[in-house]
Amino acid sequence: MKYGICNETFGDWDLNRALQFAAEAGYHGWEVAPFMLTDDIRSYGDAQRRAYRDAVHAAGMEVIGLHWLLAKTEGYHLTSTDPRIHLETVEYFRDLIRLCADLDGEVMVLGSPQQRNVPEGESMVDATAAATVVLQDISPTLEECGVKIALEPLGPQEGNFLNTAAEARELIELVGSDHVGLHLDVKAMSSEADPIPDIIHDNADVTLHFHANDPNLLGPGMGDVDFRPIFQALKDAKYDRYVSVEVFDYSPGVERIVRESMDNMRTAQN
6 MKYGICNETF GDWDLNRALQ FAAEAGYHGW EVAPFMLTDD IRSYGDAQRR AYRDAVHAAG
66 MEVIGLHWLL AKTEGYHLTS TDPRIHLETV EYFRDLIRLC ADLDGEVMVL GSPQQRNVPE
126 GESMVDATAA ATVVLQDISP TLEECGVKIA LEPLGPQEGN FLNTAAEARE LIELVGSDHV
186 GLHLDVKAMS SEADPIPDII HDNADVTLHF HANDPNLLGP GMGDVDFRPI FQALKDAKYD
246 RYVSVEVFDY SPGVERIVRE SMDNMRTAQN
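Residue numbering for the sequence shown follows our numbering, starting at 6 and increasing by one per position.
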């Protein structure tokens, strides 16, 4: 099991300073929110991509991949039945896949609830069909670039599409691509009826990535969730990919979040 951290955790820190701090704290992987790189990924050139990738490698880390794929964008939507929006969304995903590959990343986490919620007046059946076609349309590019996309269930407080791991799994099966799998997030799983260890066990065969956090929006072990059974379930499932820290409340300060999250994850496995 390897530890990663999301780059937006560090806010406006200099990249090299952030990477060094993360590496010294014990993280191996660097997860990238595209909006932290640029306002327009299509203008983010080859030289910039190489320089970013090389900086991560120089710190002794690797790029895990991308998340927050559609955050802070306009005109893209996973579940829209509008043909124009569908085509533009597919093309943008293809651009993200190429960006991920250029950074040596291997997985893209598809959360972005605002850009996948079922549009007003549209049925869940039509929304699911639209999402299926988008994911099928980008599958050849995923295969070509050696990248996988992981669907992230999010609780009903965040959106109305893919609220459970079971719902995400149904969509994965509809798409029918080996390059489309599941992402699990502790904060999101906390809203499900089933215990988190059971969700991990039941979906071990399709899980590509994992976020460690707490419903209080802080890092693992910084709230009420007991991470000992969670890490035991990951071990039992022989999960050997990244466990990546993703927080939403930065008020304790970057240094404390980064260090305490790592300490708590290590303690939970002892």
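C-beta atoms are modelled at their ideal positions from N, C-alpha and C, and glycine is treated no differently.
- The beta carbon of cysteine 105 is closer than 6 angstroms to those of Gly70, Leu71, Met113 and Val152 in its chain, skipping five residues each way along the sequence.
- Considered as a whole, the segment 171–202 harbours 185–190 as its complete beta strand (DSSP E) runs of no fewer than 3 residues, in chain order.
- Below 8 angstroms, too few C-beta pairs join the segment 168–187 and the segment 123–132 to call them touching: fewer than three.
- In the three-state reduction of the DSSP assignment, phenylalanine 166 falls in the coil class.
- The three-state reading of DSSP puts glutamate 125 in coil, since its state is none of H, G, I, E or B.
- According to the DSSP secondary-structure assignment, phenylalanine 215 is paired through a beta bridge with Leu189 and Val248.
- Taken through DSSP and simplified to helix, strand or coil, alanine 155 comes out as strand.
- Per DSSP, the continuous beta strand (DSSP E) segment holding lysine 7 begins and ends at 7–11.
- Note on glutamate 265: 16 or more other CB atoms within 10 angstroms of its CB, so buried under the neighbour-count rule.
- Between valine 68 and leucine 101, the beta carbon gap of about 13 angstroms keeps them out of contact (Cβ cut-off 8 angstroms).
- With fewer than 16 other CB atoms across the displayed protein chains lying within 10 angstroms of its CB, glutamate 149 is exposed.
- DSSP lists Ile10 and Val68 as the bridge partner or partners of tryptophan 35.
- A distance below 8 angstroms separates the beta carbons of glutamine 274 and phenylalanine 236.
- Distance from the CA of aspartate 44 to the CA of alanine 56, rounded to the nearest whole angstrom, comes to 17 angstroms.
- Our two residues, alanine 60 and arginine 121, have alpha carbons roughly 33 angstroms apart in a direct line.
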